[in-house]
Amino acid sequence: YRTLTNTWERELNRSKVAERAGPDRAKDLFSEEAAMDHFVVGDPKVIDDGSQRSAADSEDDDDDDDMQPDTVLKASNSVAPNMAISESDADLTSALAESVQAFLAESKNDIRQGLGSNNWVVSGAHTATGKPLLANDTHLELMIPSIWYEIHLTAPGWNIKGFTLPGAPMIIIGHNDRIAWGFTNNGADVQDLYVETFNPSSPDEYRVKGAWTRAQIFDETIHVKGQPDEHLRVTVTLHGPIVHREGDKAYALRWTATEPGGLASSYTWLGKARNWKEFRENMKRVWGPAQNAVYADVDGNIGYVMAARVPVRKKGHGEIPVPGDVDDYEWTGYIPFDRLPQALNPESGLIITANARVVGPNYKPYLTDRWEEPYRTARIYDLLHDRHDLRPEDMLKVQTDTYSYPHVFLADQLLAAARTVKPKDARAQKLIDGLKDWNGIADADSPEVSFLHAARRAAIDLLLEPFLGKDTNLYQWRSTTFLQRILTDRRAKWLPVSYKTYDEFLAAAADLAASKLAEQSKSERVEDWAWKRFNSLDMFHPIGHEGLLKRFLSITDKPQSGTQYSVRAASKTHGPAMRFVGNPKNWDESIMLITAGQSGQPGSSHYSDQFSYWYEGKPIFAPFSDAAEERTRKHTLTLKPGS
């Protein structure tokens with residue numbers, strides 16, 4: 003179930019946390035507000051601000067939404083009622099939560115937070131040419147061959163260049179001769195878990211409104227080379243496939259991407275869009291995963307659309323699993339497209355999405371509370387908002403920025419606390435002293451970055467283990483935003499009973515961090531704790547994990563700067579799988595980069611020829627015009643049908 007949409011996992015998290023820590027603490031942990039949020043749509047000072055959304059609709063006042071009329075209802079503005087999972091379903095929740103946690107144990111929360119992206123677009127008021135620039139980099143697993151493949155597709159009526167997934171009949175991110183576009187995940191809540199009750203006497207029947215109904219049963223066969231076939235028995239209720247079952251109770255997953263509709267059709271035809279109106283028309287058809295779409299064109303327009311089918315629920319917002327044998331929590335339709343967040347040519351001339359919150363707190367209707375941490379968005383804004391001379395290379399420089407806001411915040415907290423309560427571990431004190439001269443850049447050679455990363459984790463564990471037990475990093479929430487809020491407000495209810503003050507608590511977190519770093523590095527010397535020792539880059543070929551094949555096929559143990567909170571999101575195995583800068587002023591000066599190379603054939607000169615550019619943050623300009631391509635073309639392969 004690992005996809006770009008994971009709201010169902012968070013429903014389990016919320017249930018588990020509420021069960022263990024209580025609803026009051028769960029509310030703190032799952033708060034959707036953050037101090038560094040930057041909104042695309044919805045001024046928090048204005049109730050139900052729709053000015054930017056209205057601007058998006060202004061070209062298209064008589065536009066009729068093409069969704070089925072019987073499934074599209076006006077979005078409810080009601081506040082979700084307080085909900086608690088029933089005691090009878092608590093065991094089922096725990097069982098599935100533990101199963102999910104076991105599955106996620108190999109990809110801790112820090113890595114899962116790397117599954118995101120950056121995109122932004124600036125108007126001509128911010129650029130050297132007076133025309134917009136658009137940037138996009140997707141944060142996914144880094145591998146060889148790359149997830150992405152670069153293509154230039156030309157045919158009668160088609161002239162598109164960009165990135166695709168090998169085998170997909172479309173360009174997903176890129177540009178044609180008129181417009182450029184890019185995507186990030188937006189976190190819209192498009193998944194719900196329903197607790198189904200099955201008949202103990204007839205295990206393929208489940209209860210719907212008091213009556214037993216037979217579930218659909220599918221026998222799926224998976225052919226495995228050199229091994230016996232795998233057979234899976236899939237049970238599907240009216241809400242969707244069963245993802246976990248304990249006795250006569252089970253969870254069914256309802257997800258918009260599994261509803262009847264065209265998952266890929268919108269991307270297939272996106273490259274033919276010529277203007278904002280046609281771009282919006284394509285975005286109406288995006289079925290999933292839910293995306294933040296940014297836009298720029300040769301006429302100087304910039305725009306944003308939340309492209310998603312977000313369900314309207316009869317009751318609640320799907321925060322936790324709900325009963326499936328009553329119709330109280332059914333979906334009644336989808337939020338109409340024109341009610342989704344949109345912006346066209348905002349006054350700021352700047353639109354940024356990086357998986358964080360894009361709407362103000364008064365924005366209606368309800369979309370989600372699953373926004374990611376706001377730090378990348380905040381850093382991008384700070385680097386761009388007062389610039390008026392931006393060029394494509396400057397956008398690439400922003401994409402590779404390694405400043406880390408939460409580590410800067412924690413450094414200030416540790417320095418202030420140490421003036422009152424010093425750590426017991428001399429190594430921790432030495433590193434805290436080193437923070438006085440630290441500039442906020444998460445440099446690969448810095449032991450202070452390693453220390454801050456470990457201290458953040460230690461502080462979260464010390465706060466939460468009394469309520470949640472060990473392995474708190476298997477839960478998903480905005481843990482760093484939570485920590486920042488607690489350390490800012492110094493709330494008494496969260497201070498562990500072992501400590502008299504938060505300064506004492508921070509000193510203990512510093513001591514624990516130093517011990518962890520010594521253990522992980524197998525060295526007592528602070529000088530051996532450089533960030534690159536804990537966060538070096540590994541890009542593996544599927545068969546290149548060991549021995550000579552690893553050396554020949556994979557790129558491993560490369561020092562890298564940045565954290566998961568930097569614009570250049572960096573973990574050992576996840577990060578920017580591509581980089582794109584679209585330049586409507588001169589498409590030949592757009593930038594396109596993938597992690598390794600276009601060829602998946604070991605030994606090819608194009609197997610990893612882009613790696614040094616990607617790794618060092620250097621541009622590769624992607625020619626688009628016939629003349630520019632003719633100047634740079636080295637090889638031509640012609641495939642003729644029937645030959």
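Numbering follows the working numbering, in which position 198 of the sequence shown is assigned residue number 200; successive positions increment by one, without gaps.
The beta-carbon is built from N, C-alpha and C at its ideal position, and this holds for glycine as well.
These figures come from a predicted structure and were not determined experimentally.
Backbone secondary structure at A298 - three-state DSSP: Here A298 sits in strand by DSSP.
Assigned secondary structure, W616 (DSSP; H/G/I helix, E/B strand, else coil): Reduced to three states, the DSSP call for W616 is helix.
Boundaries of the beta strand (DSSP E) in which L195 is found, first to last residue: 193-201 is the extent of the beta strand (DSSP E) around L195.
Pair within 8 Å by beta-carbon distance, V307 and R341: Not closer than 8 Å, so no.
Residue closest to Y407, alpha-carbon to alpha-carbon, out of G436, V451, F623, Y368: The option with the nearest alpha carbon to Y407 is V451.
For P313 and H128, the rounded distance between their alpha carbons: Straight-line Cα distance between these residues: approximately 37 Å.
C-alpha distance - A419 paired with N294, whole-angstrom precision: Taking the straight line joining both Cα atoms gives about 40 Å.
Per DSSP, cross-strand counterpart(s) of D396: The partner list for D396 (beta bridge, DSSP) is empty, contrary to what the question assumes.
Straight-line gap, A460 to R381 (C-alpha atoms, nearest Å): When rounded, the distance between both Cα atoms is 25 Å.
Cutoff 7 Å; reference H543; Cβ partners in own chain excluding five residues on either side: Here the set comprises I146, L555, S556.
Inter-residue spacing [alpha-carbon to alpha-carbon] between W496 and D391: When rounded, the separation of the alpha-carbon atoms in W496 and D391 is 47 Å.
G549 to S606 span [Cα, whole Å]: Between G549 and S606, the C-alpha separation is close to 21 Å.
For F542: DSSP bridge partner residues: According to DSSP, F542 bridges with M145.
Delimiting residues of the alpha helix (DSSP H) encompassing M285: Per DSSP, M285 belongs to the alpha helix (DSSP H) from 278-285.
Residues near D139 in its chain [Cβ-Cβ closer than 6 Å; skip 5 each side]: Closer than 6 Å at Cβ, skipping near neighbours: N120, Q401, P578, R581.
Distance between R315 and W333 (C-alpha atoms, nearest Å): Taking the straight line from one Cα to the other gives about 5 Å.
Coarse secondary structure for V19, derived from DSSP in three states: It is helical.
Whole-number beta carbon distance between R429 and A509, since they are thought to touch under 8 Å: For a cut-off of 8 Å, the C-beta gap from A509 to R429 is around 13 Å, too long to register as a contact.
Simplified DSSP state of L595, which is helix, strand or coil: Reduced to three states, the DSSP call for L595 is strand.
Where the alpha helix (DSSP H) through H455 begins and ends: Run containing H455: 449-470, per the alpha helix (DSSP H) assignment.
Length of the line joining the Cα atoms of A310 and N277: Taken atom to atom, the span from the alpha-carbon of A310 to that of N277 is near 20 Å.
Option nearest G619 by Cα separation, candidates G302, V583, F507: The shortest C-alpha separation from G619 is found at V583.
For I174, three-class secondary structure by DSSP: It is coil, neither helix nor strand.
Spatially closest choice to P425 from M285, Y504, R389, A444, by CA coordinates: The residue from M285, Y504, R389, A444 with its alpha-carbon nearest to that of P425 is Y504.
Nearest candidate by alpha-carbon position, reference G184, set Y196, K163, G169: Taking only the C-alpha atoms, the option nearest G184 is K163.
Which of helix, strand or coil DSSP assigns to V528: DSSP places V528 in helix when its eight states are reduced to three.
Local conformation of H409 per DSSP, three classes: DSSP, read as helix, strand or coil, puts H409 in helix.
Cutoff 7 Å; reference K574; Cβ partners in own chain excluding five residues on either side: So the qualifying residues of the chain are N537, S538, L539, D540.
Assigned secondary structure, R492 (DSSP; H/G/I helix, E/B strand, else coil): In the three-state scheme derived from DSSP, where H, G and I count as helix and E and B as strand, R492 is classed as coil.
Where Y567 falls: helix, strand or coil (DSSP): Note: Y567 maps to coil in three-state DSSP.
Own chain partners of D179 with C-beta closer than 6 Å, once the 5 adjacent residues on each side are dropped: Only N161 meet the Cβ criterion.
contact_flag[the region 518-527, the region 438-446] where n(CB pairs < 8 Å) is 3 or more: The region 518-527 is not in contact with the region 438-446.
Assigned secondary structure, D206 (DSSP; H/G/I helix, E/B strand, else coil): DSSP places D206 in strand when its eight states are reduced to three.
N- and C-terminal bounds of the beta strand (DSSP E) containing P25: It is not in any beta strand (DSSP E) - P25 instead sits in the alpha helix (DSSP H) that spans 25-31.
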